[in-house]
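Enquirer: Numbered by the UniProt record's numbering, the letters in the sequence shown go through residues 1 to 438 in order. Glycine is no exception: its CB is placed at the ideal position from the N, C-alpha and C atoms. Quick caveat, the model's predicted, so the values are computed rather than measured.
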Amino acid sequence: MEPNVSTPSQIMHVAIVGAGIGGLTCTIACRRRNENLKVTVFERSAEVLPLGAGIHIPPNAGRVLAHLGLLEKVMKEGAGYQLDHFNLRRYENGHILAAKPVRERVTREYGAEWIATHRGDYQGVLLSEAKQLGAEIVTGAEVIDVEQSQSSRQVVALKDGRRFEADVVIGADGLWSSLREIVLGHPFSPTETGDLAYRGIFPRDKLLSLGNENINRIVEKLDIDVWLGPGKHAVFYPLRNKTEYNLILIVADDLAKGVKMAPSSLEEMVAYFNGWDPILDKWTKGPIALLGDATHPTLPYQGQGAAMAVEDGAVLGLLLAQSLEKGLPADPVEKRDYLAALLRLYQDLRKRRTETNVAGAVDTQHYYHLPDGEEQRQRDAELAVLAGDGWLGKCSFNWGDAEYQRSLLGFDVIADSKEKFEEWWVASQKAGANHGGF
Ligand SMILES: Cc1cc2nc3c(=O)[nH]c(=O)nc-3n(C[C@H](O)[C@H](O)[C@H](O)COP(=O)(O)OP(=O)(O)OC[C@H]3O[C@@H](n4cnc5c(N)ncnc54)[C@H](O)[C@@H]3O)c2cc1C
Ligand SMILES: *[C@@H]1O[C@H](CO)[C@@H](O)[C@H](O)[C@H]1NC(C)=O
1 MEPNVSTPSQ IMHVAIVGAG IGGLTCTIAC RRRNENLKVT VFERSAEVLP LGAGIHIPPN
61 AGRVLAHLGL LEKVMKEGAG YQLDHFNLRR YENGHILAAK PVRERVTREY GAEWIATHRG
121 DYQGVLLSEA KQLGAEIVTG AEVIDVEQSQ SSRQVVALKD GRRFEADVVI GADGLWSSLR
181 EIVLGHPFSP TETGDLAYRG IFPRDKLLSL GNENINRIVE KLDIDVWLGP GKHAVFYPLR
241 NKTEYNLILI VADDLAKGVK MAPSSLEEMV AYFNGWDPIL DKWTKGPIAL LGDATHPTLP
301 YQGQGAAMAV EDGAVLGLLL AQSLEKGLPA DPVEKRDYLA ALLRLYQDLR KRRTETNVAG
361 AVDTQHYYHL PDGEEQRQRD AELAVLAGDG WLGKCSFNWG DAEYQRSLLG FDVIADSKEK
421 FEEWWVASQK AGANHGGF
């Protein structure tokens with residue numbers, strides 16, 4: 001062993017800002033993998049309350065949860081259930097355009113289940129697991145800045161004046177992220193999508209009291225139903241063992257036909273960084289990374305917002321733990337530079353995949369909201385024949401395209417990151433030998 005490399009007993013301290021789904025998954029991924037990864041989570045709210053409504057755990061995220069030993073708990077304690085069918089319906093009359101079997105297909109196709117659950121229950125399961133694994137959760141803790149200490153560590157500054165030192169800071173503070181602005185060094189609000197969502201939770205009794213035959217039938221199912229209409233769509237699925245139902249109505253701005261990219265914040269974000277050396281813009285501040293909605297907020301139309309945050313968190317935990325196992329540089333400056341380089345690897349691993357999802361959700365918005373006309377008839381005709389191909393065929397609409405779905409849902413982010421980390425480690429050791437470190 002080289003003398004300047006830490007022994008395995010060395011400790012690394014990770015500060016995670018935000019106890020949302022992404023931040024808590026990252027916490028668990030760190031703690032599960034290595035006891036010496038100390039995690040402190042700073043959450044602005046005075047208490048982590050079971051807020052929200054329905055949320056999806058698609059196979060790519062389900063696989064991560066299974067890997068972290070969380071899936072069963074989410075199913076049992078978090079009222080998770082496997083979806084039976086994903087139905088697309090015509091807005092006017094509810095006629096089914098396509099009924100994609102989910103339960104009997106996804107495990108076979110993508111190697112994991114597709115689960116729906118209540119966001120608050122899901123977050124509750126993650127929170128109790130994080131605590132059980134010895135993570136420190138500090139509530140009522142709003143982070144307002146991150147600085148570097150004299151000793152090349154990161155200092156997390158709270159609004160109430162408290163300060164904490166850490167080796168790595170992860171910004172998991174959601175859509176209106178402060179960490180994003182700290183990293184960028186200027187204000188950067190998410191771009192409005194032009195879509196407006198009305199979310200509601202309806203108790204079962206209330207729906208049954210309407211005395212509508214179609215409603216009575218639909219409440220017994222474990223399906224997700226999406227009604228597609230011009231500039232609008234509606235989403236419905238059960239929660240909490242069919243005692244509650246999630247209903248979302250989404251109303252879009254009237255975009256000109258073919259204008260798909262207008263609502264995306266991605267282009268603007270990319271434009272902002274165009275020509276910038278990532279070393280200059282992001283990493284001069286040291287080892288800070290962003291995850292989840294703080295960095296790649298998405299329209300929720302592929303059910304991937306939380307799933308991508310879960311993937312991010314798991315990848316970060318893996319990279320940090322693997323690094324600790326290999327041994328970190330003992331010199332504080334080298335250690336900081338190593339961690340900053342590691343987080344650039346994290347960015348490389350996540351960038352294309354999360355961008356693809358953001359763009360895919362915008363595409364889904366386009367197809368979901370087609371006005372009645374030629375393109376809508378073409379979409380519906382394509383949907384009508386998908387079942388005939390066993391859902392294995394091509395489709396111009398992501399929802400129905402086998403290859404797109406496979407790359408989105410079948411991707412094994414853990415295996416991929418392990419492999420990429422090893423390659424990177426070997427390459428960086430070689431480079432280090434040539435240039436004297438990171
Ligand atoms: C209250 C709430 C309800 C939601 N309900 C739904 C839902 O029903 N269905 C759905 O699909 N999606 C919902 N979402 C969105 C969904 O949870 C996210 O898209 C997804 O989980 C990825 O989130 P994230 O982990 O990146 O961040 P988030 O889940 O947004 O979590 C961010 C956390 O960071 C905290 N925070 C923010 N700023 C600071 C700061 N400066 N210092 C310390 N802490 C900070 C916030 O209080 C929050 O707990 C909800 C989000 C929230 C916050
Ligand atoms: C779900 O509801 C059914 C019907 O009311 C009940 O029999 C069952 O025990 C419930 N399951 C759980 C896990 O609560």
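Tell me the DSSP secondary structure of residue 378 in three-state form.
Expert: In the structure shown, residue 378 sits in a helix (DSSP, three-state: H, G or I).
Enquirer: Along the chain, where does the alpha helix (DSSP H) containing residue 205 start, and where does it finish?
Expert: It spans 204-208 - the alpha helix (DSSP H) in which residue 205 sits, taken as one unbroken run.
Enquirer: Opposite residue 225 in the DSSP bridges: which residues?
Expert: Answer is 87, 236, bridged to residue 225.
Enquirer: Short of 8 Å in beta carbon distance, which residues of its chain neighbour residue 287, apart from the five on each side in sequence? Order them along the chain.
Expert: Excluding residues within five positions, the ones whose Cβ falls inside 8 Å are 154, 167, 168, 169, 336, 339, 340, 342, 343.
Enquirer: In this structure, does DSSP put residue 398 in helix, strand or coil?
Expert: Helix.
Enquirer: Less than 7 Å between C-beta atoms, sequence neighbours within five positions excluded: which residues of the same chain meet that for residue 178?
Expert: Cβ neighbours of residue 178 beyond the five flanking positions: 143, 144.
Enquirer: Bridge partners for residue 525 per DSSP, in chain order?
Expert: No answer is possible for residue 525: it lies beyond the span of the chain, which begins at 1 and ends at 438.
Enquirer: Cβ of residue 17 within 7 Å of Cβ of residue 27?
Expert: In this structure, residue 27 does not lie closer than 7 Å to residue 17 by Cβ.
Enquirer: Could you check what DSSP says for residue 138 in three-state terms: helix, strand or coil?
Expert: The answer is strand: DSSP assigns residue 138 an E or B state.
Enquirer: Pairing CB atoms from the segment 357-366 with CB atoms from the segment 387-403, are three or more of them under 8 Å?
Expert: With the cut-off at 8 Å, the segment 357-366 and the segment 387-403 touch.
Enquirer: Under a three-way DSSP split, which group does residue 153 fall into?
Expert: Correct three-state label for residue 153: coil.
Enquirer: Assuming the contact rule is C-beta atoms closer than 8 Å, residue 123 and residue 24 should be a hit. Round their C-beta distance to whole Å, please.
Expert: That pair is a contact at about 7 Å.
Enquirer: Any heavy atom of ligand 1 closer than 6 Å to the Cβ of residue 88?
Expert: No, Cβ of residue 88 sits at least 6 Å from all heavy atoms of ligand 1.
Enquirer: Hey, is residue 309 close to ligand 1, as in C-beta under 6 Å from one of its heavy atoms?
Expert: Checking every heavy atom of ligand 1 against the Cβ of residue 309, one is found closer than 6 Å.
Enquirer: Does residue 295 come out as helix, strand or coil in the three-state DSSP assignment?
Expert: Coil, per DSSP.
Enquirer: Mapping DSSP to helix, strand and coil, what is residue 300?
Expert: Note: residue 300 maps to helix in three-state DSSP.
Enquirer: Report yes if the CB atom of residue 114 is closer than 7 Å to the CB atom of residue 70, and no otherwise.
Expert: It is not a contact, given that the beta carbons lie outside the stated cut-off.
Enquirer: Is residue 196 near ligand 1, with its Cβ less than 6 Å from a heavy atom?
Expert: Incorrect: residue 196 has no Cβ contact closer than 6 Å to ligand 1.
Enquirer: What separation, rounded to the nearest whole angstrom, lies between the Cα atoms of residue 279 and residue 183?
Expert: Note that residue 279 scores a pLDDT of 35, beneath 50, so its modelled location is shaky; the value from the coordinates is reported in the next line. Each residue's Cα considered, the two are about 12 Å apart.
Enquirer: Alpha carbons only, please: which of 332, 302, 403, 378 is nearest the one belonging to residue 358?
Expert: The shortest Cα separation from residue 358 among 332, 302, 403, 378 belongs to 302.
Enquirer: Please report the distance separating the alpha-carbon of residue 19 from that of residue 392.
Expert: Near 38 Å, if we compare the C-alpha coordinates of residue 392 and residue 19.
Enquirer: Could you please give the first and the last residue of the uninterrupted alpha helix (DSSP H) stretch that includes residue 107?
Expert: Residue 107 -> alpha helix (DSSP H) spans 103-110.
Enquirer: Report yes or no: do the segment 407-423 and the segment 311-319 share at least 3 C-beta pairs separated by less than 8 Å?
Expert: With a cut-off of 8 Å, the segment 311-319 and the segment 407-423 count as touching, because enough Cβ pairs lie within range.
Enquirer: Taking C-beta to C-beta, are residue 85 and residue 59 nearer than 7 Å?
Expert: For residue 85 and residue 59, no; Cβs fall outside 7 Å.
Enquirer: Starting from the Cα of residue 67, find the closest Cα among 111, 46, 203 and give me that residue.
Expert: Comparing Cα-Cα distances from residue 67 to each of 111, 46, 203, the minimum goes to 111.
Enquirer: When the distance is taken between beta carbons, is residue 30 closer than 7 Å to residue 383?
Expert: No. Outside cutoff.
Enquirer: Taking DSSP's pairing of strands, which residues face residue 117 in a bridge?
Expert: Bridge partners of residue 117: 55.
Enquirer: For residue 49, count neighbouring C-beta atoms within 10 Å of its own C-beta (all shown protein chains included) and say buried if the count is 16 or more, exposed if not.
Expert: Looking at its Cβ environment, which holds fewer than 16 other Cβ atoms inside 10 Å, residue 49 is exposed.
Enquirer: Given that a residue counts as buried once 16 or more other Cβ atoms are within 10 Å of its Cβ, and exposed if not, what is residue 299?
Expert: Buried.
Enquirer: Could you round the C-beta distance between residue 180 and residue 290 to whole angstroms and report it? I think they count as a contact, below 8 Å.
Expert: That pair is a contact at about 6 Å.
Enquirer: Is there at least one non-hydrogen atom of ligand 1 closer than 6 Å to the beta-carbon of residue 358?
Expert: Answer for residue 358: no, Cβ out of range of ligand 1.
Enquirer: In chain order, what residues of the same chain lie with their CB nearer than 6 Å to the CB of residue 424, ignoring the 5 residues before and after it?
Expert: Within the same chain, residue 424 has close Cβ partners 345.
Enquirer: Hey, is residue 140's beta-carbon within less than 7 Å of any beta-carbon in chain B?
Expert: Given the protein chain composition of this structure (a single chain), no chain B is represented.
Enquirer: Kindly examine ligand 2 and report whether one of its heavy atoms sits closer than 6 Å to the Cβ of residue 241.
Expert: Yes, since a heavy atom of ligand 2 falls inside the 6 Å radius drawn around the Cβ of residue 241.
Enquirer: Tell me whether the beta-carbon of residue 390 lies closer than 7 Å to the beta-carbon of residue 239.
Expert: The answer is no: Cβ separation not under 7 Å.
Enquirer: Here's a check: name, in chain order, each residue in its chain whose Cβ is nearer than 6 Å to the Cβ of residue 175, leaving out the five neighbours to either side.
Expert: Result list for residue 175: 190, 293, 297, in chain order.
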